[in-house]
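First comes the structure, then the notes that go with it.
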């Protein structure tokens with residue numbers, strides 16, 4: 213089975229994957245990367261630590277084969293609307 217490496221970038225923070233995972237193929241690697249990006253995004257994005265999480269998948273030759281990015285944008289209305297009059 214081929215080995216895939218999942219490097220993670222959260223804003224300026226970069227975490228390389230030195231171990232990797234043996235998976236059936238690229239579809240399985242894409243699934244793992246999507247799950248990881250979603251989980252990291254769910255935990256980190258609402259706290260405001262970062263606004264984008266990227267998982268870069270490399271094959272056994274350390275060549276990039278796919279990238280998954282999860283992002284969150286917040287667009288506040290400024291000034292805030294007045295409350296409705298009753």
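In our numbering, the protein residues as written are 213 to 298.
Note that the Cβ used here is the ideal one computed from N, Cα and C, for glycine as well.
Please read all numbers here as calculations on a predicted model, not as lab measurements.
| Query | Result |
| --- | --- |
| Quick one: what does DSSP say residue 286 is sitting in, helix, strand or coil? | coil |
| Tell me, which residues are paired with residue 281 by DSSP? | 266 |
| Alpha carbon to alpha carbon, how far is residue 216 from residue 234? | 6 Å |
| Terminal residues of the continuous beta strand (DSSP E) containing residue 225? | 225 to 227 |
| Whole angstroms are fine: how far does the CA of residue 290 sit from the CA of residue 238? | 45 Å |
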